[in-house]
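Working notes for the structure below.
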Amino acid sequence: MLNMTEIECCIKTDRSTVNDLSELELIPENDTTTFINGSWKFTAAVASPWPMHIFAEHYIRGEWLIQAYDRHYKDFCDAIKNPVEPWYYATKDLKQCPIPAETVWFFDMVPIKWPKSLLNAIPPHYMGRWRISYDGEYKEADGTIRKDCQRGYGDAFID
865 MLNMTEIECC IKTDRSTVND LSELELIPEN DTTTFINGSW KFTAAVASPW
915 PMHIFAEHYI RGEWLIQAYD RHYKDFCDAI KNPVEPWYYA TKDLKQCPIP
965 AETVWFFDMV PIKWPKSLLN AIPPHYMGRW RISYDGEYKE ADGTIRKDCQ
1015 RGYGDAFID
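Counting with the working numbering, you get residues 865 to 1023 for the letters of the sequence shown.
Below, the structure written as structure tokens:
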């Protein structure tokens, strides 16, 4: 099970320049299901293409190392509509991309299901502290480029 405990901004400002995730929570139910609940608000417009880097890091011997997931997207607008992506079930109904400022995506206990076969195949050395991050670059309608980064921390363990 991956229990996400906190989400933070990971750029030099004290808050995200584009996203407000303060009302979004990940709620683990059991070994195979985590729910997304709450809202994701865009405080600025996001134009296409929407370049994004999403990666997972494992805390090993005092340092964060990228492991398990490391993807670069030329346009995340395409990725949120792609059925092979892990978040597709949560984003498949979000039709609006590019995204106008003040858009809010709502999630009402949307399940993210991890296949039991996948969880059984996770080696013991993958247990421990993890963080999942994204670095994005957003081009607003007026051409202004903004950078953003969010990071979620969690612990992987066998329940």
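Every residue, glycine too, gets a C-beta built ideally from N, C-alpha and C.
Asked, Found
"Tell me, please, whether the stretch 908-916 touches the stretch 927-934 by the rule of three or more beta-carbon pairs shorter than 8 Å.", "no"
"Measure from the alpha carbon of Ala932 to the alpha carbon of each residue in Gly1007, Asp1006, His989, then state which is nearest.", "His989"
"Below 8 Å, how does it come out for the stretch 956-973 and the stretch 932-944: are there three or more Cβ pairs, yes or no?", "yes"
"Less than 8 Å between the C-beta atoms of Glu1001 and Pro915, yes or no?", "yes"
"Does DSSP put Pro915 in a helix, a strand or coil?", "coil"
"Looking at the unbroken beta strand (DSSP E) that takes in Cys941, where does it start and where does it end?", "Careful: Cys941 lies outside any beta strand (DSSP E), inside the alpha helix (DSSP H) at 940-943."
"Please list, in chain order, all residues of the same chain as Lys1003 whose beta carbon is under 6 Å from its beta carbon, the five residues on each side excluded.", "Ala911, Ile1009"
"For Ala909, which three-state DSSP category applies?", "coil"
"If we ignore side chains and look at the alpha-carbon of each, how far apart do Cys873 and His936 end up?", "19 Å"
"So the beta strand (DSSP E) Tyr937 belongs to, where does it begin and stop?", "927-937"
"Should Asp1019 and Arg995 be called a contact, given that it needs their Cβ atoms to be closer than 8 Å?", "no"
"Report yes if the C-beta distance between Ser903 and Phe970 is below 8 Å; otherwise report no.", "yes"
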